[in-house]
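Residue numbers for the sequence shown follow the numbering used here, so the first one is 1 and each next one is one higher.
Have a look at the structure below, then the notes.
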Amino acid sequence: MPASTIKLHVSHTYKVPPAVVYDAWLNPEIARRFLFATDDGHVIRADIDPRVGGRFFVVDRRPTGDAFHQGVFLELKRPQRMVFSFSVEEHDHNCDRVEINIEPLGGGSRLTLTHEMCAEWAEHEEKTRQGWAHVVEGLGRELEQEQFKATG
1 MPASTIKLHV SHTYKVPPAV VYDAWLNPEI ARRFLFATDD GHVIRADIDP
51 RVGGRFFVVD RRPTGDAFHQ GVFLELKRPQ RMVFSFSVEE HDHNCDRVEI
101 NIEPLGGGSR LTLTHEMCAE WAEHEEKTRQ GWAHVVEGLG RELEQEQFKA
151 TG
């Protein structure tokens with residue numbers, strides 16, 4: 001990473017073990033319901049190739065137009081860590097790197113996401129942080145629904 005980067009962090013706790021959180025992130029059927037999904041959009045495509053060197057591509061159809069999110073998995077260590085490059089098509093640059101660490105926490109887990117982005121995008125830092133917060137909260141809702149289906 002170049003020296004001129006910004007690191008932003010988002011954390012969230014879940015009532016399920018790390019492996020469940022990890023697997024949900026990489027499951028296209030679950031991911032399409034939370035990964036880059038906005039309240040006023042609809043994910044129309046979620047392709048995930050969960051292997052080192054594998055790519056992901058998610059398209060959220062929004063009232064303002066389609067939003068494209070893509071990256072390459074750089075590190076996958078189930079159930080505790082994944083690292084991937086990240087870009088959006090209209091700002092295609094290779095500076096962004098996202099690390100996700102999932103640790104056991106009692107009977108559940110805590111996910112900590114670190115997004116390292118080019119300093120030139122500093123004006124988008126808070127919006128990016130809010131976007132990731134929305135993603136990890138959406139994952140929490142999906143995990144609760146999946147858990148309810150399994151027990152209900």
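Beta carbons: idealized from backbone N, C-alpha and C, even for Gly.
Residue i to residue j span [Cα, whole Å]
i	j	result
V83	C118	17 angstroms
I154	S87	Since the first and last residues shown for the chain are 1 and 152, residue 154 lies out of range.
V98	D39	23 angstroms
S11	A67	24 angstroms
H124	G131	10 angstroms
V135	S4	26 angstroms
G54	R141	26 angstroms
Buried or exposed (CB count within 10 angstroms, at least 16 for buried), residue i
i	result
V52	exposed
A46	buried
A24	buried
Beta-carbon proximity list for residue i, same chain, < 7 angstroms, skipping 5 on both sides
i	result
L105	T13
L26	I48, P50
V20	L143
Own chain partners of residue i with C-beta closer than 6 angstroms, once the 5 adjacent residues on each side are dropped
i	result
A133	V10
L139	F34
G71	F56, F84, S85, F86
According to DSSP, residues forming a beta bridge with residue i
i	result
Q70	F57, S87
E116	K7, R97
L111	H12, I102
R81	K77, N101
Simplified DSSP assignment, three categories, for residue i
i	result
A46	strand
L139	helix
G65	strand
P18	helix
G131	helix
L105	strand
D39	coil
Nonlocal neighbours in the same chain, by C-beta distance under 8 angstroms from residue i, ignoring five residues either side
i	result
P28	A46, D47, I48
P63	D40, G41
P17	P79, P104, G107, G108, S109
R81	E75, E99, I100, N101, I102
Any non-hydrogen atom of the ligand MG closer than 7 angstroms to residue i Cβ
i	result
R78	This structure lacks the ligand MG; in fact it carries no ligand of any kind.
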